[in-house]
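Trainee:
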Amino acid sequence: MSTMAVPDVAVAPVDEGFWTRGRKVGLTLLALGLLAAVLFGALATDQQARFTLSEDAAGTALEINGTIGAILFGIIAIAAGAALLAGVPKRWFLPVLAVGLVGFVLSFLCWQVSAAPSGQNFMPLVNIIRGTFILALPLIFGALAGVLCERSGVVNVAIEGQLLMGAFSGALFGSLSGNVWVGLVAAAIGGAFISLLLAVFAIRYLVDQVVMGIVLNLLAVGVTGFLYERLMQTDAEKYNSAPRFSNWEIPLLKDIPVLGPALFRGNIFLYLGLLLVLVIHIGLFRTRWGLRTRSVGEHPTAADTLGVKVLRVRYRNVLLAGVVAGIGGASYTLALYSFTKNMIGGKGFIALAALIFGRWNPTGALLAALFFGFADQLATYLGAINSSIPSQFLAMLPYLATILAVAGLVGRVRAPAADGKPYIKG
Numbered sequence: 001m002s003t004m005a006v007p008d009v010a011v012a013p014v015d016e017g018f019w020t021r022g023r024k025v026g027l028t029l030l031a032l033g034l035l036a037a038v039l040f041g042a043l044a045t046d047q048q049a050r051f052t053l054s055e056d057a058a059g060t061a062l063e064i065n066g067t068i069g070a071i072l073f074g075i076i077a078i079a080a081g082a083a084l085l086a087g088v089p090k091r092w093f094l095p096v097l098a099v100g101l102v103g104f105v106l107s108f109l110c111w112q113v114s115a116a117p118s119g120q121n122f123m124p125l126v127n128i129i130r131g132t133f134i135l136a137l138p139l140i141f142g143a144l145a146g147v148l149c150e151r152s153g154v155v156n157v158a159i160e161g162q163l164l165m166g167a168f169s170g171a172l173f174g175s176l177s178g179n180v181w182v183g184l185v186a187a188a189i190g191g192a193f194i195s196l197l198l199a200v201f202a203i204r205y206l207v208d209q210v211v212m213g214i215v216l217n218l219l220a221v222g223v224t225g226f227l228y229e230r231l232m233q234t235d236a237e238k239y240n241s242a243p244r245f246s247n248w249e250i251p252l253l254k255d256i257p258v259l260g261p262a263l264f265r266g267n268i269f270l271y272l273g274l275l276l277v278l279v280i281h282i283g284l285f286r287t288r289w290g291l292r293t294r295s296v297g298e299h300p301t302a303a304d305t306l307g308v309k310v311l312r313v314r315y316r317n318v319l320l321a322g323v324v325a326g327i328g329g330a331s332y333t334l335a336l337y338s339f340t341k342n343m344i345g346g347k348g349f350i351a352l353a354a355l356i357f358g359r360w361n362p363t364g365a366l367l368a369a370l371f372f373g374f375a376d377q378l379a380t381y382l383g384a385i386n387s388s389i390p391s392q393f394l395a396m397l398p399y400l401a402t403i404l405a406v407a408g409l410v411g412r413v414r415a416p417a418a419d420g421k422p423y424i425k426g
């Protein structure tokens, strides 16, 4: 079989009248822009807001008067909101929305940076970008695991458990062997083990996939927590002292201003995460494997009729998703921290949100994960400059974005048609 068409799923048009989703989003963005121009502009100071192109206050910087910047970028957000409210072509919706959101964020930053204590009124862009990617790494791997599963028709709520088991396995076997590569392989196997359970119960025994995912998350928390207390807490030197991957510098690219130090002096997980986004995107949309995967996720009966082994495709992709998520979990324990109980802390569910926010697309999932990572990094930065905004409020941003994504307020999103529906061969 050389070719196969993925059937289109007809969606009945919905008459939303004047207040379409785009106009509702535009009205919201317009209100945010007004808030930024008026409130942030009033709270900002006349101090220069400096955005340095380095890791500290030294070197070249982009500077703007705090008050002027807050008002100017607020006006940009207002203009973008007004454009959406007036109605823009569908292809321009996301770019205009992005411009408006960036304007709102920059207005907020002009206020915060200019109002920081003397000597701290600068934002080091290299550190911000590097921290964004580091914090987004488990989300990137987790979201890619979700893409592989859900494009095949299997809901993957077990991303949290896959990340956690990967982190634990990497720490344990990396410590016992003293070899970071053994830890990485063990992490991949740990994530695949959780995926194997998901595949067997969801595909073979037709257990509700959402319920099964939650159960597997609890299983991972229980097993890793028990072994942590019995082994790692009693002898951390032997069981919880895994070696770390060192940073790899890429010649020439590392010297690119801002992006070079931030992205091309990182560890293997950063490079591997970005590479996997590219490989999975090309695989899904440019290869026979991707065509079969998407057909199984959209219309498994038609795919089966054309000779595709539906269950085999689902088993293979779910196991592959576990390997990817397990490696993502290892980005904690083989690069940054020692293992602790439930150290993933809900990142698996944020990765699931990034999957929805990114419209089940690897590139979209990457951008969504970076947005969530930026929110975390911004909270850290504001805490360092003693901001008057409690960091807990910024920590809520990923969850707020989750609600907006699921509610479809940033545009209509549709999961693969067969997502979560067990297939019984006739």
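The sequence shown begins at 1 in full-length UniProt numbering and counts up one residue at a time. Just so you know, even glycine gets a beta-carbon here, dropped at the ideal spot from N, CA and C. If you're wondering where the values come from, they're calculated on a predicted model, not measured in any experiment.
Would you mind working out which of M165, L30, A116 and G420 sits nearest L216, comparing C-alpha positions?
Mentor: Taking only the C-alpha atoms, the option nearest L216 is M165.
Trainee: Kindly list the residues whose CB is nearer than 8 Å to the CB of A12, restricted to its own chain and excluding five residues on each side of it in sequence; keep chain order.
Mentor: At A12 the pLDDT is 46, less than 50, meaning the model places this residue with poor confidence; the figure from the coordinates comes in the next sentence. Correct list: empty, nothing qualifies.
Trainee: Would you kindly report the start and end of the unbroken alpha helix (DSSP H) that includes M165?
Mentor: Its alpha helix (DSSP H) spans residues I159 to S177.
Trainee: On the criterion of 16 or more Cβ atoms from any shown chain inside 10 Å, does M123 qualify as buried, or is it exposed?
Mentor: It is buried - the Cβ of M123 has at least 16 other Cβ atoms within 10 Å.
Trainee: Helix, strand or coil for P362? Go by DSSP, reduced to three states.
Mentor: If DSSP states are grouped into helix, strand and coil, P362 belongs with the helices.
Trainee: How far does the beta strand (DSSP E) with N57 in it reach, from first residue to last?
Mentor: Checking the sequence, you will find Ala at residue 57 rather than Asn. From DSSP, A57 is part of no beta strand (DSSP E); its letter is neither H nor E.
Trainee: With A321 and C149 assumed to form a contact (beta carbons below 8 Å), what rounded beta-carbon distance in angstroms separates them?
Mentor: That pair is a contact at about 5 Å.
Trainee: Quick check on DSSP: helix, strand or coil for I424?
Mentor: DSSP places I424 in coil when its eight states are reduced to three.
Trainee: If we ignore side chains and look at the alpha-carbon of each, how far apart do P261 and K254 end up?
Mentor: If you take the alpha carbons of P261 and K254, they lie about 6 Å apart.
Trainee: Here's the rule: buried if 16 or more other CB atoms are within 10 angstroms of the residue's CB, otherwise exposed. What is T3?
Mentor: In this predicted model, T3 has a pLDDT of only 46, less than 50, meaning its place in the structure is not dependable enough to derive any value.
Trainee: Give the DSSP-derived three-state secondary structure of A80 in the structure shown.
Mentor: Helix at A80.
Trainee: Here's a check: name, in chain order, each residue in its chain whose Cβ is nearer than 7 Å to the Cβ of W289, leaving out the five neighbours to either side.
Mentor: Here the set comprises G283.
Trainee: Rounding to the nearest angstrom, what Cα-Cα distance links K309 and L139 in this structure?
Mentor: One C-alpha to the other measures close to 30 Å.
Trainee: My guess is that L53 and A61 are in contact by the Cβ rule of under 8 Å, so how many angstroms apart are they, rounded?
Mentor: Contact flag correct, Cβ pair sits at about 7 Å.
Trainee: Just curious, the beta strand (DSSP E) that F122 is in, first and last residue?
Mentor: Element bounds for F122: F122 to P124.
Trainee: Distance, Cα to Cα, L176 vs T224?
Mentor: Their backbone Cα atoms lie some 16 Å apart in a straight line.
Trainee: Which class does A10 belong to by DSSP, given the choice of helix, strand or coil?
Mentor: Model confidence at A10 stands at a pLDDT of 46, short of 50, so the residue's coordinates are unreliable; what they give is reported in the following sentence. A10 falls in the coil class under three-state DSSP.
Trainee: Which residues bound the alpha helix (DSSP H) around P95?
Mentor: Taken as a continuous stretch (DSSP letters only), the alpha helix (DSSP H) holding P95 covers K90 to S114.
Trainee: Rounded to the nearest angstrom, how far is the Cβ of L97 from that of L84, given a contact under 8 Å?
Mentor: Contact holds; Cβ gap of about 7 Å.
Trainee: Do A242 and T333 have their C-beta atoms within less than 8 Å of each other?
Mentor: Result yes, Cβ atoms of A242 and T333 sit closer than 8 Å.
Trainee: When you measure from the CB of S246 to every non-hydrogen atom of the ligand SAH, does any distance come out below 7 Å?
Mentor: This structure lacks the ligand SAH, and indeed carries no ligand of any kind.
Trainee: Where does P246 land, buried or exposed, given buried means 16+ other C-beta within 10 angstroms?
Mentor: First, the residue type needs correcting, since residue 246 is Ser and not Pro in the sequence shown. Under this definition S246 is an exposed residue.
Trainee: In the DSSP output, which residue or residues are listed as bridge partners for L302?
Mentor: Rather than Leu, the amino acid found at residue 302 in this sequence is Ala. For A302, which the question treats as bridged, DSSP gives no partner whatsoever.
Trainee: Under 8 Å between the Cβ atoms of A335 and F141?
Mentor: Cβ distance not < 8 Å, so A335 and F141 don't count as in contact.
Trainee: Can you list, in chain order, the stretches of the alpha helix (DSSP H) that have 4 or more residues and sit fully within the segment 168-246?
Mentor: Runs of the alpha helix (DSSP H) inside the segment 168-246: 180-199, 209-227 and 236-239.
Trainee: Quick one: what's got a C-beta closer than 6 Å to G22's C-beta in the same chain, skipping five residues either side?
Mentor: Result list for G22: L84 and F93, in chain order.
Trainee: Take G178 and list the residues in its own chain whose beta-carbon comes closer than 6 Å to its own, dropping the five residues that flank it on each side.
Mentor: Excluding positions up to five away in sequence, the list is empty.
Trainee: Less than 8 Å separating the beta-carbons of V147 and L367?
Mentor: The answer is no: Cβ separation not under 8 Å.
Trainee: Measuring straight from C-alpha to C-alpha, what distance separates F374 and A202?
Mentor: Each residue's Cα considered, the two are about 35 Å apart.
Trainee: Compute the distance between the beta-carbons of A44 and C110, then report whether it is under 8 Å.
Mentor: Taking 8 Å as the Cβ cut-off, A44 and C110 qualify as a contacting pair.
Trainee: So what's R414 in DSSP terms, helix, strand or just coil?
Mentor: If DSSP states are grouped into helix, strand and coil, R414 belongs with coil.
Trainee: Let me know if V25 comes out buried or exposed under the rule of 16 or more other beta-carbons within 10 Å of its beta-carbon.
Mentor: Its Cβ being crowded by 16 or more others within 10 Å, V25 is buried.
Trainee: Have a look at T363 and I280 and give me their C-alpha separation to the nearest angstrom.
Mentor: Roughly 9 Å separates the two Cα atoms.
Trainee: Tell me whether G66 is buried or exposed, calling it buried when 16 or more other Cβ atoms sit within 10 Å of its Cβ.
Mentor: Buried, because 16 or more other Cβ atoms sit within 10 Å of the Cβ of G66.
Trainee: Can you tell me which residues form a DSSP beta bridge with R50?
Mentor: Paired residue(s): E63 and F122.
Trainee: Sort V126, L35 and A31 by Cα distance to A58 and report the nearest one.
Mentor: Cα-wise, what sits closest to A58 is V126.
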